[in-house]
Amino acid sequence: MSDLTDLGLSKYEAEAYRALVDAGPATARELSETSDVPMGRIYDVLGSIESRQLARSQDASRPKKYVAVDPDAALDRLLAARERELDAEADQYATVADELRGELARPPEPDEGYWTAEVGADVAIERLVECIDDADESIHSVSHTVPAGVDVDAASNRIADHLVDALERDVTVRFLASPALLEDVPDAAGDPSLSLLEEYENFEARVGDSVHGDVTIVDGVEVCLDLRNPIAPEEAFAVIDLTDPSFATSVREAFDRGWEAADPIEG
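Structure below.
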């Protein structure tokens, strides 16, 4: 259940304001008696909600009386104040993150290759996006077919957004597709996402008969390899991520051979 404390008031401030709304003009003693705010705290609490423009005091009366600001106006003020606090907090976190980016160096490349594996049909797109975001110099990607169950439009738009970011960082992107992929996505050649990417000189896409898998090479050292379900080959099964310059070089050489034999995707 929502409460005024959710908008930044303390427990006593919330109780005092509610008591004012219910009671109408009232003295501090009367409010203390009708709320759970102790008499020893009531003046500080009333002063606090008055400073927040949630209540007004009638100084001419003796003893002084307090009256609540209209709840709609009070809630608008609380919400605006809370939004300012959250914006300031978000800015603070962003500043901390920027400072840490300067302090935290990238980990050194391992002397020997290492790999990780993630199982699940939903990880392929996520890992591909991460690979794109990790790239500093180059992305060489091969795609054979669209796994069953993937929302093609949503996936292509999301991937395109991250590729644009990479291209803006001057990352070279080469995309090699199979004829089967173009059959899975009949409008791929005229896809607005592809048209957007083709505006960048550091992007190129081709289609070739030699493509029979799904793999992405990042900066010549990292290889993201998609595996299909051995029982249901049309389904995505797992992603293996290998960081091994020697292995990546071998995969890149195979990519280059396929690239040379491929044709530009005609828009």
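What the sequence shown shows, in the UniProt record's numbering, is residues 1 to 267, in sequence order. Even glycine gets a Cβ: it sits at the ideal position worked out from N, Cα and C.
Cβ-Cβ separation, residue j to residue i (assumed contact under 8 Å), whole Å
| i | j | result |
| --- | --- | --- |
| Cys224 | Arg127 | 6 Å |
| Leu104 | Ser143 | Actually they do not touch by this definition, with Cβ atoms about 33 Å apart. |
Whole-angstrom distance between residue j and residue i, CA atom to CA atom
| i | j | result |
| --- | --- | --- |
| Arg169 | Ala135 | 9 Å |
| Leu7 | Thr34 | 22 Å |
| Ala55 | Asp87 | 25 Å |
| Val164 | Tyr17 | 52 Å |
| Asp133 | Gly220 | 15 Å |
| Ser141 | Trp259 | 11 Å |
| Ala68 | Glu13 | 12 Å |
| Glu118 | Cys131 | 14 Å |
| Phe203 | Ser48 | 60 Å |
Endpoints, the alpha helix (DSSP H) within which residue i is located
| i | result |
| --- | --- |
| Ser246 | 245-261 |
| Ser48 | 39-51 |
| Arg101 | 71-103 |
Residue range of the unbroken beta strand (DSSP E) whose run includes residue i
| i | result |
| --- | --- |
| Val223 | 222-228 |
| Thr34 | Where Thr34 is concerned, there is no enclosing beta strand (DSSP E), although the alpha helix (DSSP H) it sits in stretches over 28-34. |
| Arg174 | 172-177 |
| Ile231 | Counting along the chain, Ile231 falls outside any beta strand (DSSP E), and DSSP gives it neither H nor E. |
| residue 302 | This structure cannot settle anything about residue 302, because the visible part of the chain is limited to 1 through 267. |
| Ala117 | 114-119 |
Close Cβ partners of residue i (< 8 Å) along its chain, the five nearest in sequence each way excluded
| i | result |
| --- | --- |
| Ala23 | Glu30, Leu31, Thr34 |
| Pro71 | Val21 |
Residues near residue i in its chain [Cβ-Cβ closer than 7 Å; skip 5 each side]
| i | result |
| --- | --- |
| Tyr114 | Thr243 |
| Glu183 | none |
Contacting residues, own chain, Cβ-Cβ under 6 Å from residue i (five flanking each side not counted)
| i | result |
| --- | --- |
| Phe237 | Leu227, Arg228, Asn229 |
| Arg77 | Gln53 |
* State whether the stretch 204-222 contacts the stretch 243-258, with contact taken as three or more CB pairs (one from each stretch) at a distance under 8 Å. => yes
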